[in-house]
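Student:
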Amino acid sequence: MSIISKKALSKIKPNMTVSLGGGSNVLNLAKDLNNARIPGLRLYSPSEITKFQGKQLGLDILTLNDNMPKFDLAFDGCDSVDRNFNALKSGGGIHLFEKIAAEM
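For the sequence shown, the numbering used here gives the first residue as 748, with consecutive numbering after it.
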């Protein structure tokens with residue numbers, strides 16, 4: 748388990764609603780969530796890739812279109828961080844949907 752996943756998992760409690768964005772760290776978190784078996788966890792993702800990979804792991808990851816939940820936590824990656832610690836997004840086509848999830 749990576750340091751990032753370990754920290755993220757420490758924040759996730761039973762019966763939470765969580766959004767998983769995209770990227771390799773989110774995939775690692777999904778793998779660790781699958782192993783953790785947290786009861787009552789509801790997972791959503793704006794990323795088709797994350798949903799597909801989650802399904803392969805055995806996770807039930809819903810789309811934002813299924814309903815409009817209020818998220819307890821939302822996890823996402825970023826492409827880089829500048830010297831002011833601003834997370835920078837550039838290459839992902841799901842950025843808009845990640846922002847919608849963040850607002851929810």
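Glycine included, C-beta positions come from ideal geometry on N, C-alpha and C.
Restricting to Cα atoms, I'd like to know which of N762, K760 and I808 is closest to V773.
Tutor: Counting from one through the sequence shown, the residue named residue 773 turns up at place 26. If we check each option's Cα against that of V773, I808 comes out closest.
Student: F853 by DSSP, collapsed to three states: which one?
Tutor: Outside the shown range of the chain, which is 748 to 851, sits residue 853, and nothing can be said about it.
Student: What would DSSP say about S766, mapped onto helix, strand or coil?
Tutor: Within the sequence shown, the letter at position 19 stands for residue 766. Three-state result, S766: strand.
Student: Let me check understanding here. Comparing Cα to Cα, which of N833, L788 and C825 lies closest to G768?
Tutor: Locating residue 768 in the sequence shown gives position 21, where the first residue counts as 1. Per the Cα distances, C825.
Student: What is the rounded straight-line gap between the Cα of S752 and the Cα of L776?
Tutor: In the sequence shown, counting from the first residue as 1, residue 752 sits at position 5. In the sequence shown, counting from the first residue as 1, residue 776 sits at position 29. Using only the alpha carbons, I get a separation of about 5 Å.
Student: In the DSSP assignment, the alpha helix (DSSP H) including L820 goes from what residue to what residue?
Tutor: Position 73 of the sequence shown holds residue 820. Premise fails: L820 lies in the beta strand (DSSP E), L820 to F822, not in any alpha helix (DSSP H).
Student: Quick check on I808: does DSSP put it in helix, strand or coil?
Tutor: Taking the first residue of the sequence shown as 1, we reach residue 808 at position 61. Note: I808 maps to strand in three-state DSSP.
Student: Mind checking T797: buried by the 16 CB within 10 Å criterion, or exposed?
Tutor: The residue labelled residue 797 in the question sits at position 50 within the sequence shown. Classification of T797: buried, given that the 10 Å Cβ count is 16 or more.
Student: Whole angstroms are fine: how far does the CA of R830 sit from the CA of G805?
Tutor: As a first step, residue 805 must be located in the sequence shown, where it is residue number 58. As a first step, residue 830 must be located in the sequence shown, where it is residue number 83. Roughly 39 Å between the two C-alpha positions.
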